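Everything on this sheet refers to the single structure shown next.
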Amino acid sequence: METASSSDKPAAESGKRKPGARKLQILQTLAAMLEDPKGEKVTTAALAAKLDVSEAALYRHFASKAQMFEGLIEFIETTIFGLINEISAKETSGLKQVRRIVVMLLDFAQTNRGMTRVLIGDALVNENERLQERMNQLFERIEASLKQSFRVAMTEKELPENFDPAARANLVVAYVVGRWHRFAKTGFKRLPNEGLEAQLPALLV
Numbered sequence: 080m081e082t083a084s085s086s087d088k089p090a091a092e093s094g095k096r097k098p099g100a101r102k103l104q105i106l107q108t109l110a111a112m113l114e115d116p117k118g119e120k121v122t123t124a125a126l127a128a129k130l131d132v133s134e135a136a137l138y139r140h141f142a143s144k145a146q147m148f149e150g151l152i153e154f155i156e157t158t159i160f161g162l163i164n165e166i167s168a169k170e171t172s173g174l175k176q177v178r179r180i181v182v183m184l185l186d187f188a189q190t191n192r193g194m195t196r197v198l199i200g201d202a203l204v205n206e207n208e209r210l211q212e213r214m215n216q217l218f219e220r221i222e223a224s225l226k227q228s229f230r231v232a233m234t235e236k237e238l239p240e241n242f243d244p245a246a247r248a249n250l251v252v253a254y255v256v257g258r259w260h261r262f263a264k265t266g267f268k269r270l271p272n273e274g275l276e277a278q279l280p281a282l283l284v
């Protein structure tokens, strides 16, 4: 997640925190704590201690821990689908769209390790069930975007008429999620894009 810019400093120094700055700091700290390779559950007590505030102070900005995770999920959704839309708008080749989307999804995890644990549901265990439901919807949207790109590839004659875009989009999502899982479960040692160039052709055609 992006950190506050230097332009925020004068407000902080004057004792007046910029609106939303504390909420952003809480989310940034939560994301950073999720990067722990041990994958331990993050409690509000531990989060408050990390920020050197009381738990009550956290709840002045978020009604619940679930709402904090929703803030992270919103960041994930905004970033991923903003990039997918950008790829789809700039790239006319359907297969190149798929390639770039896959690379982007794996790079996103590699850059945002804490978010990877949210993506695979690891950080959402025993949390409000609506959080996992929202992640499931995210996967469905990614799959729909990939399916559309495969359809574009069929229209452009990059793929045969008997190609099944839905089945292949489902396969690509399974591949990406599998890479996310391995990245997180190895303590972020096995990079998600490892061997990608050799494997992409099998996913695309």
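Each residue of the sequence shown is one higher than the last, beginning at 80 in this note's numbering.
Glycine included, every Cβ here is placed at the ideal spot set by N, Cα and C.
No experiment lies behind these values; they were computed from the predicted model shown.
Where the alpha helix (DSSP H) through Val204 begins and ends: Indexing the sequence shown from 1 puts residue 204 at position 125. Segment: none, Val204 is in no alpha helix (DSSP H) and carries neither H nor E.
Element boundaries [alpha helix (DSSP H), containing Lys102]: Reading the sequence shown from its first residue, position 23 is the one you call residue 102. Unbroken alpha helix (DSSP H) run through Lys102: 100–112.
Residue from Phe229, Ala248, Asn249, Leu250 whose Cα sits closest to the Cα of Glu240: Position 161 of the sequence shown, counting from 1, holds the residue named residue 240. Closest by alpha carbon: Phe229.
Simplified DSSP assignment, three categories, for Ile163: To locate residue 163, count along the sequence shown from 1; it is residue 84. If DSSP states are grouped into helix, strand and coil, Ile163 belongs with the helices.
Stretch-stretch touch, CB-based, cutoff 8 Å, three pairs: the region 194–201 with the region 110–126: yes
Three-state secondary structure (DSSP) of Asn241: On the sequence shown, residue 241 is found 162 positions in, with the first residue counted as 1. In the structure shown, Asn241 sits in coil (DSSP, three-state: anything other than H, G, I, E or B).
Minimum length 4: unbroken alpha helix (DSSP H) runs contained in the region 133–186: 134–138, 144–169
C-alpha distance - Leu351 paired with Val182, whole-angstrom precision: Since the first residue of the chain shown is 80 and the last is 284, residue 351 is not available in this structure.
7 Å CB neighbourhood of Tyr254 in its chain, flanking five on each side removed: On the sequence shown, residue 254 is found 175 positions in, with the first residue counted as 1. Here the set comprises Leu282.
At least three beta-carbon pairs within less than 8 Å, the region 203–212 to the region 256–276: no
Rounded distance between the beta-carbons of Leu217 and Leu151, thought under 8 Å: For this step, residue 151 is matched to residue 72 along the sequence shown. For this step, residue 217 is matched to residue 138 along the sequence shown. Incorrect: roughly 12 Å between the Cβ atoms, too far for contact.
Sequence-distant residues of the same chain with beta carbon closer than 8 Å to Ile199, five excluded per side: If you number the sequence shown from 1, residue 199 lands on position 120. So the list reads Val256, Trp259, His260, Ala263, once near-sequence residues are dropped.
Beta-carbon proximity of Gln176 to Val251, cut-off 8 Å: Taking the first residue of the sequence shown as 1, we reach residue 176 at position 97. Taking the first residue of the sequence shown as 1, we reach residue 251 at position 172. No, the Cβ-Cβ distance between Gln176 and Val251 is not below 8 Å.
Residue nearest to Val284 in terms of C-alpha spacing, selected from Ala246, Leu270, Ala124: Working through the sequence shown from its first residue, we reach residue 284 at position 205. Selected option, being the one with the closest Cα: Ala246.
Of the listed residues Gln104, Lys236, Glu170, Ala248, nearest to Glu219 (C-alpha basis): Indexing the sequence shown from 1 puts residue 219 at position 140. Residue Ala248 is the option with its Cα nearest to Glu219.
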